[in-house]
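Undergrad: Residue numbers (our numbering): 2 to 340. Glycine included, every Cβ here is placed at the ideal spot set by N, Cα and C. Since this is a predicted model, take the numbers as computed values, not measurements.
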Amino acid sequence: MKILVTGGLGFIGSHTVVELQNEGFEVVIIDDCSNSTEKVLDGISAITGTTPLFEKLDLKEKDKVSDFFKRHQDVQGVIHFAASKAVGESVEKPLLYYENNIGTLVYLLKELSQKNKASFIFSSSCTVYGQADEMPITENAPVKVAESPYGNTKQMGEEIIADTCRVAPNLNAIALRYFNPMGAHPSTEIGELPIGVPQNLVPFITQTGVGIRKELSVFGDDYPTPDGTAVRDYIYVVDLAKAHVIALKRLLNQKNSDNFEVFNVGTGKGSSVLEVIQSFEKVSGKKLNYKIVNRRAGDITSAYADTTKANQILGWRSEYTLDQAMKSAWDWEQKIKGQ
Ligand code: WQD
């Protein structure tokens, strides 16, 4: 069975392609390589022994999207990762984000709506909750006014899919709301490849560990949390990838009760910035160079998932600990150092 993975050369996309191939799916990747490289194909095939089909294509080019689906009529499911995802950049360039994240989603859904049956997995984010009122966060928590155009594109994306599924019973969809993905495949053949200075905590920590960065700035230690630093739910990327395959199978086997469902994907455990640093120091045996600075604008105090719905309905739960995920991130960083 052929599955299209858009953004399949990216961090979460590539790990999901590996898990799809492990489960016997034939995979075709569309990626515009704006935030990834074709070399990731070698990493995937080094792990699974199979190089996925790949087409370098910009999903903003509507005619090329149509042409792709004419040439791949046997695609039965789509996992849609391709999107711009830098929160800060989205504030500076909102139209780039609305065009790239929303326009492309509409083109994909128009193609899928014309098929007899199609399954669609959407890469969403805990960002839709903003600062939730209660921890852990359930899927029923109210969606808050987005703090950035990036977060808005995730909220709008979910609404667009819901509205489409309402009038397209042939379309089955699931949105997965990721918490904070981290780590790398245990083979160290694929992992996170941030371009430029990492915005996210874990790659900044590992780059500081190998000496690429001088020191980590901890954005605030005056939050109302046990140690004063902000709390997040750090989910190992392989656990996250497996959640996509389980969700896809639910749709392909038509086990879903509604043709649009939403699931949180996290560990269900909150970790503070200082706890993440302690995890790095434990697994690496190195002291991390860091300093406490002011809070980063737009950051929330705390977010960690209630994963009951995914546990009970999908039959998925995270299996790896923060230390295991951090070890994989550290092994990966040491492997790619200086490449
Ligand atoms: C985590 C914590 C920072 C960097 C973002 C997106 C979210 C999702 C995941 C896509 C925060 C602190 C960070 C640093 C620090 N992306 N930090 N020093 O902001 O929770 O979520 O990435 O879906 O949508 O919003 O992740 O890794 O940037 O920050 O102290 O150099 O680490 O303040 O408390 P975030 P993050």
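The alpha helix (DSSP H) with Ile278 in it runs from where to where?
TA: Membership of Ile278 in the alpha helix (DSSP H) is indicated by the continuous run 274–285.
Undergrad: Among Gly197, Cys34, Val76, which residue has its Cα nearest to the Cα of Ser114?
TA: Val76
Undergrad: Take every Cβ of the region 164–172, pair it with every Cβ of the region 221–230, and state whether three or more of those distances are shorter than 8 Å.
TA: Short answer: they don't touch.
Undergrad: Round the Cβ separation of Asp324 and Ser285 to the nearest angstrom and send it over; I've been treating them as touching at under 8 Å.
TA: Contact doesn't hold; Cβ gap of about 11 Å is too wide.
Undergrad: I'd like the ranges of any alpha helix (DSSP H) spanning at least 4 consecutive residues and lying wholly in the region 60–148.
TA: 63–72, 88–93, 95–98, 105–114
Undergrad: Is Leu58 helix, strand or coil by DSSP?
TA: Here Leu58 sits in coil by DSSP.
Undergrad: Return the CA-CA distance between Asp68 and Arg214, expressed in angstroms with no decimal places.
TA: 44 Å
Undergrad: For ligand 1, is there any heavy atom lying closer than 6 Å to the beta carbon of Lys86?
TA: yes
Undergrad: Return the CA-CA distance between Asn141 and Tyr99, expressed in angstroms with no decimal places.
TA: Straight-line Cα distance between these residues: approximately 26 Å.
Undergrad: Taking Cβ positions only, does Met136 come closer than 7 Å to chain C?
TA: Of the protein chains in the structure, only one exists, and it is not chain C.
Undergrad: Is the distance from the Cβ of Asn173 to the Cβ of Asn117 below 7 Å?
TA: In this structure, Asn117 does not lie closer than 7 Å to Asn173 by Cβ.
Undergrad: At the level of alpha carbons, what is the spacing between Ile191 and Val66?
TA: 27 Å
Undergrad: Restricting to Cα atoms, I'd like to know which of Gly25, Asn265, Glu93 is closest to Leu315.
TA: Nearest option by C-alpha distance: Asn265.
Undergrad: Should Gln156 go down as buried or exposed, given a rule of 16 or more other Cβ atoms within 10 Å for buried?
TA: buried
Undergrad: Going by the C-beta, is Arg297 closer than 6 Å to any heavy atom of ligand 1?
TA: yes
Undergrad: Taking 8 Å as the limit between beta carbons, can you name the residues of its chain near Pro204, skipping five residues before and five after?
TA: Closer than 8 Å at Cβ, skipping near neighbours: Glu193, Pro195, Ala330, Glu334.
Undergrad: Considering only DSSP beta bridges, list what Arg233 is partnered with.
TA: DSSP output for Arg233 lists Ser272 as bridge partner(s).
Undergrad: Between which residues of its own chain and Val263 is the CB-CB distance below 6 Å, once the five residues before and five after are set aside?
TA: Glu140, Ala176
Undergrad: What I want to know is whether the C-beta of Thr226 ends up closer than 6 Å to one or more non-hydrogen atoms of ligand 2.
TA: Absence of ligand 2 is noted for the structure shown, with ligand 1 being the only ligands found.
Undergrad: Under 6 Å from any heavy atom of ligand 1, does the C-beta of Thr128 make it?
TA: For ligand 1, at least one heavy atom lies less than 6 Å from the Cβ of Thr128.
Undergrad: Quick one: what's Pro182 bridged to in DSSP?
TA: Ile236
Undergrad: Alpha carbon to alpha carbon, how far is Ser125 from Ile80?
TA: 11 Å
Undergrad: Let's see if you can read the secondary structure: which residues bound the alpha helix (DSSP H) around Glu334?
TA: 323–337
Undergrad: Just to confirm, is the Cβ distance from Ile122 to Tyr130 under 7 Å?
TA: Contact: no.
Undergrad: Got a sec? Which residues, its chain only, sit under 7 Å from Val41 by beta carbon, not counting five neighbours each side?
TA: Leu10, Ser15, Ile191
Undergrad: Can you check which of these residues, Phe26, Gly8, Ile48, is closest to Met2 by C-alpha distance?
TA: Phe26
Undergrad: Report the rounded CA-to-CA distance for Asp134 versus Cys127, giving the unit in angstroms.
TA: 13 Å
Undergrad: Quick one: grab the DSSP three-state call for Ile162.
TA: helix
Undergrad: Going by DSSP, which residues form a beta bridge with Glu262?
TA: Ile175
Undergrad: Are the Cβ atoms of Glu90 and Gly299 separated by less than 7 Å?
TA: no
Undergrad: Since Tyr216 and Asn290 are thought to touch, with beta carbons under 8 Å apart, how far apart are those beta carbons, to the nearest angstrom?
TA: This sequence places Glu at residue 216; Tyr is not what is there. So it is a contact: roughly 4 Å between Cβ atoms.
Undergrad: Nearest to Leu58 by CA position, among Asp32, Ile162, Tyr224, Leu109, is which residue?
TA: Asp32
Undergrad: Output the boundary residues of the beta strand (DSSP E) element that contains Ile218.
TA: The amino acid at residue 218 is misidentified as Ile; the sequence shows Ser. Run containing Ser218: 217–220, per the beta strand (DSSP E) assignment.
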